[in-house]
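J.:
Chains as they are written, first to last, in the working numbering: chain C, 1 to 303; chain F, 1001 to 1369.
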């Protein structure tokens, strides 16, 4: 049969549908992610409340009242403090411990690497309850040790001046192993011979660390930093289990404030901007960190 | 610059399965003169790199002593041994550029900035890396990396320069260029140098003396010509030379007062060189070793031994002939003559009298004339 030039033979449907079938799972997932997002944005523009049978569109009213609300700015400050203190401590401790544990490879260090992961296997809420018991001033084990040092009745989570420290300590206890695991994996993946060469070249421990180890480990540190910073800004479980944001409003970060607005006061529309604001901030910060990470990774591999 | 002396050095790794394999380096002694270029040659896993790493201080010495000059260095930290090591995989510092890589040692020691700059700019042209100083290692080719690697080892003016398989990761042409380059550098600075390699060509062309290792033990230490012409045992004989030496079991046959090597399977016999007369008796079994270049095709005048051509290969400037002397044993010989030989053709052979070696089939040691 004479076919016209330029005309293609039609492919069967199963072949033509294949590209769409291949992306279908990702598409479904994206819809699953985007649907609640879009809904949340919409609700933030309404006066949705569980106390009212109807809702109506009120524009940016929720957003404007949020920015005018001092509890919002307090929540931002608490979120920033908490994220800075926990992520900072976890990064420093995680890097330090990982470097020390990789110094010598023996039976003991291998056992330690396994044990150090244990806190990651405990739900943060459970860990918090354990710590609450340990820091209890009448029955807690820590009080007994502090007594030996002459410290009695350390207030821990019950005082506004030590509550953040207590919550951060639990966060550090739970998540430092995460940083350790990442950095240990990073150290193990580094080539051995440049470090042997550095031994012959005679760099002091600090000189080698500064010029060689740190630049080569930076991509791994960045990964740990991105994950920890994002998670600690959203932290909810530890604080909720410890004091529900108290004492007073001491630990009321953005997540807890939004929860209170939505579920304690049942004002859903008002709660939404808090969560969306947190999301926007985290998005901007992580975007910046990820682009830095790409640069750092390129530098570490010597390009 | 200084002498490097290894005295009865052992390296032991615990190996639960195989007691005998415990020793990676077994009673290894070696002495390199001041300014000498010594090659340590052996198949992979023979302990040559372990030996080098013990000299560098990256590997603990199980037993024995290593001296640089008159100083015992067994317990010195690698940085205090005054050695330069060029690593097999280059081991450049990825985050640093070429200049900083070469300068690393000097800046680690706290040498003044101007002095570092002077030394780096002195060594860089010597290794032809002066155009690369601003580049990062990942942007360099294999040959350039190796030049930087050697420059970094040389910049500290080491007493001993250690080269670990410096050419093994390079392609053929770059290998040749850098080989010549290494020789040129050595001629210029006359630094005591130890080269570890599995490539006999590299060792033969670069080293003043070659130490051949196998299974952690030193087999022979001598000039390239010595190890080529007078291998002390079957291992050295078979390892040195390309194509490899013909090594095969033969028995000795006496007939009308003359001794012959008898290839039992086909009954081929070749006259024994007269210098071996006193060492051999009829009925003995020996390992015969003769290089393909030391077998000649002779005219049919009754002095040669008649054999049959099995395979003829024309490789251009040389021709290889394989001769079937037993079920799976082939004798290879090389000839430069223009004739083409056909399978099944009868030819006559003669061995080079001086260059026919015989070895004890039990111990592998050479039987002296």
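Where is the CB? At the ideal position from N, CA and C, for every residue including glycine. If you're wondering where the values come from, they're calculated on a predicted model, not measured in any experiment.
Three Cβ pairs or more, each shorter than 8 Å: is that satisfied between the segment 118-132 of chain C and the segment 227-240 of chain C?
T.: yes
J.: Put residue 1213/F into one of helix, strand or coil per three-state DSSP.
T.: Assignment of residue 1213/F by DSSP, reduced to helix, strand and coil, places it in the strand class.
J.: List the residues of chain F that residue 202/C touches, going by C-beta distances under 7 Å, in chain order.
T.: 1079, 1105, 1108 and 1109
J.: Find out if the Cβ-Cβ distance for the pair residue 216/C, residue 190/C is shorter than 8 Å.
T.: yes
J.: Mind reading off the beta-carbon distance from residue 1106/F to residue 1156/F? Whole number of angstroms is fine, and I expect it under 8 Å.
T.: 7 Å
J.: Rounded to the nearest angstrom, what separates residue 22/C and residue 35/C at their Cα positions?
T.: 21 Å
J.: For residue 196/C, would you say it is in contact with chain F, using Cβ-to-Cβ distances shorter than 8 Å as the test?
T.: Taking CB atoms only, residue 196/C has a neighbour in chain F less than 8 Å away.
J.: Determine the direct distance from the alpha carbon of residue 1040/F to that of residue 1383/F, and round the result to whole angstroms.
T.: Because chain F here runs from 1001 to 1369, residue 1383/F falls outside it and cannot be looked at.
J.: Please go through the same chain and pick out, in chain order, the residues whose beta-carbon is closer than 6 Å to the beta-carbon of residue 1204/F, but skip the five residues on each side of it.
T.: 1224
J.: Enumerate in chain order the residues of its own chain whose CB-to-CB distance from residue 222/C is below 6 Å, with the five nearest sequence positions on each side excluded.
T.: Cβ neighbours of residue 222/C beyond the five flanking positions: 293 and 296.
J.: Is the shortest distance between the beta-carbon of residue 212/C and the beta-carbons of chain F less than 8 Å?
T.: yes
J.: Taking only runs that begin and end inside the segment 1210-1293 of chain F, name each unbroken alpha helix (DSSP H) of 4 or more residues, in chain order.
T.: 1224-1229 and 1234-1239
J.: Please find out if some non-hydrogen atom of the ligand FAD comes closer than 7 Å to the beta-carbon of residue 1214/F.
T.: Of the ligands one can find in the structure shown there are none, so the ligand FAD has no counterpart to examine.
J.: If you measure from the beta carbon of residue 1093/F to each beta carbon in chain C, is any gap under 8 Å?
T.: So yes, residue 1093/F belongs to the interface.
J.: With respect to the beta strand (DSSP E) encompassing residue 1027/F, which residues constitute its N-terminal and C-terminal limits?
T.: 1023-1032
J.: Rounded to the nearest angstrom, what separates residue 1345/F and residue 1309/F at their Cα positions?
T.: 5 Å
J.: Per DSSP, which residues does residue 1334/F bridge with? Please list them.
T.: 1320/F
J.: If the cut is a Cβ gap below 9 Å, which residues of chain C does residue 1058/F touch?
T.: 196, 199 and 200
J.: Check the Cβ-Cβ distances between residue 299/C and every residue of chain A, and say whether any is below 8 Å.
T.: Absent from the structure is chain A; the protein chains it does hold are C and F.
J.: Can we say the segment 1063-1078 of chain F touches the segment 1210-1222 of chain F, given the rule of at least three CB pairs closer than 8 Å?
T.: no
J.: Return the residues of the segment 1117-1141 of chain F that lie within a Cβ-Cβ distance of less than 8 Å from chain C, sorted by chain order.
T.: 1136, 1137, 1138 and 1139
J.: Count the other C-beta atoms from every protein chain shown that fall within 10 angstroms of the C-beta of residue 59/C, then say buried if there are 16 or more, exposed otherwise.
T.: exposed
J.: In chain C, which residues lie with their C-beta within 8 Å of the C-beta of residue 1083/F?
T.: 200
J.: Just to confirm my understanding: we take residue 142/C, look at its own chain, exclude 5 residues before and 5 after, and list those with CB closer than 7 Å. What are they?
T.: The answer, listed in chain order, is 134 and 135.
J.: If you scan the segment 1152-1221 of chain F from start to end, which runs of the beta strand (DSSP E) of 3 or more residues do you find wholly inside it?
T.: Correct list: 1160-1164, 1192-1197 and 1209-1214.
J.: By DSSP, does residue 222/C sit in helix, in strand, or in coil?
T.: For residue 222/C, the secondary structure class from DSSP, reduced to helix, strand or coil, is helix.
J.: Within this structure, are the beta carbons of residue 1206/F and residue 1037/F separated by less than 8 Å?
T.: yes
J.: For a cutoff of 8 Å on Cβ pairs, would you count residue 207/C as touching chain F?
T.: At a cut-off of 8 Å between C-beta atoms, residue 207/C counts as an interface residue with respect to chain F.
J.: Would a check of beta-carbon distances place residue 1096/F closer than 8 Å to chain C?
T.: It does; some Cβ of chain C falls within 8 Å.
J.: Do residue 1337/F and residue 1330/F have their beta-carbon atoms positioned less than 8 Å apart in this structure?
T.: no
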